[in-house]
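Residue numbers for the sequence shown follow our numbering, beginning at 59 and rising by one.
Notes follow once the structure below has been shown.
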Amino acid sequence: MAQIPTIALNDGNSIPQLGFGVFQIPPEETAAAVGHALDTGYRHIDTAQMYGNERQVGEAVGASGLGRDEVYVTTKLGNGDHRPDDARRAFERTLADLGLDHVDLFLIHWPLPTLYDGDFVSTWRTLEEFEADGRARSIGVSNFQVDHLERLAAETETVPAVNQIEHHPYLANAAVRAYGSEHGIVTEAWSPIAKGRVLDDPVVGEIAQRLGRTPAQVVLRWHIELGNVVFPKSVTASRIEENLAIFDFELGRGDAERIEALDRGEAGRTGPHPDSFSRGGR
Ligand SMILES: NC(=O)c1ccc[n+]([C@@H]2O[C@H](COP(=O)([O-])OP(=O)(O)OC[C@H]3O[C@@H](n4cnc5c(N)ncnc54)[C@H](OP(=O)(O)O)[C@@H]3O)[C@@H](O)[C@H]2O)c1
59 MAQIPTIALN
69 DGNSIPQLGF
79 GVFQIPPEET
89 AAAVGHALDT
99 GYRHIDTAQM
109 YGNERQVGEA
119 VGASGLGRDE
129 VYVTTKLGNG
139 DHRPDDARRA
149 FERTLADLGL
159 DHVDLFLIHW
169 PLPTLYDGDF
179 VSTWRTLEEF
189 EADGRARSIG
199 VSNFQVDHLE
209 RLAAETETVP
219 AVNQIEHHPY
229 LANAAVRAYG
239 SEHGIVTEAW
249 SPIAKGRVLD
259 DPVVGEIAQR
269 LGRTPAQVVL
279 RWHIELGNVV
289 FPKSVTASRI
299 EENLAIFDFE
309 LGRGDAERIE
319 ALDRGEAGRT
329 GPHPDSFSRG
339 GR
């Protein structure tokens, strides 16, 4: 079984560098997909309250026969629950749905700077409570821009352990990543293969052919060599296996630079922009 590297976090914990994402996996398919991922050797699952499949993630983890400390579970606060009392209730619901007494990592899913009077600071302080009482081993943020991170640094005590942001060959997101590396915040790259859109790129295809790997493996390997944490999503058993088989090869000289040069800036973004995204809901 593949040996998945771990990355040290700024709070003394560590996180498996490769995990399995479950965004847009319907609840009725989630337990089977997560079960296959765990059987294949994944030990890190990335879900969210807004994905509507925490219960099924919990079922699959419970059915896996693995010990609680063998599986790293991340989830994220829903956009409708940023006010502290709502966040507390939502977090309790999450633990009940997952069937766990703690999560390994709990994130603010989106900063929502145009909602809640722009206040994500009181939300962050609420996550600090969850870390202090041990129900979240680590806490972090997602989709935070540099100015959002600067505000947390100025007004709170805890530096986020991670910032989970959109990042793939078509969206370098360089300023946010640079802030993270300068301040000890690990970058988690969501949509690491740009939801499949980078797989037909001729540059990726040429490298894949030369290395005898698939385009997805080349792009995931690129993330690993950059030091990102990634959790590709798939409901396809063969792809779940393929995406884990990236620890027995390396990119060649100059390959990383060629992939980095594919950056399309804002035109490469597949999801909403964090400065304007304002969809509430759970
Ligand atoms: N924090 C956030 O705001 C945020 C936003 C988006 C995503 N995320 C996280 O990041 C995870 C991954 O992102 P994502 O699901 O958006 O996109 P992704 O992992 O970049 O791409 C998933 C898509 O690629 C396909 N695919 C997967 N492996 C493949 C392979 N080896 N060959 C060909 N196609 C392949 C999948 O198809 P099949 O499933 O049909 O096989 C699916 O359509 C999510 O599940 C979630 O955990 C977080």
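We treat Cβ as the ideally placed atom computed from N, Cα and C, and that holds for glycine.
Coil, strand or helix - residue i by DSSP
i, result
"Ala303", "coil"
"Thr64", "strand"
"Ser72", "strand"
"Tyr345", "One cannot answer for residue 345 here, as it falls past the ends of the chain, which runs 59 to 340."
"Ala230", "coil"
"Gly338", "coil"
"Glu224", "strand"
"Thr245", "strand"
"Val287", "strand"
"Leu158", "coil"
"Asp144", "helix"
"His281", "helix"
Any non-hydrogen atom of ligand 1 closer than 7 Å to residue i Cβ
i, result
"Asp104", "yes"
"Pro290", "yes"
"Thr272", "yes"
"Leu257", "yes"
"Glu213", "no"
"Pro169", "no"
"Asn349", "Because the chain is modelled from 59 through 340, residue 349 falls outside the range shown and cannot be assessed."
"Asn221", "no"
"Gly326", "no"
"Arg151", "no"
"Ala252", "yes"
"Gly79", "yes"
"Asn201", "yes"
"Trp182", "no"
For residue i, the residue or residues it bridges with in DSSP
i, result
"Gly198", "Leu165"
"Gly79", "Asp104"
"Leu135", "Ile166"
"Val217", "DSSP, once it has assigned bridges, lists no residue as partnering Val217."
"Tyr130", "His102"
8 Å contact criterion, which residue i and residue j should meet: CB distance rounded
i, j, result
"Gly338", "Leu173", "7 Å"
"Ile223", "Ala247", "7 Å"
"Asn111", "Thr88", "4 Å"
"Ala303", "Gln267", "Not quite, the Cβ-Cβ distance comes to about 17 Å (not below 8 Å), so this is no contact."
Unbroken alpha helix (DSSP H) run spanning residue i, endpoints
i, result
"Glu117", "112-121"
"Gln203", "It is not in any alpha helix (DSSP H) - Gln203 carries neither H nor E in the DSSP assignment."
"Ser292", "Neither: Ser292 is in no alpha helix (DSSP H) and is coded neither H nor E."
"Arg316", "313-318"
"Gly323", "Gly323 -> no alpha helix (DSSP H), and no H or E assigned at all."
"Thr181", "179-190"
"Ala266", "260-269"
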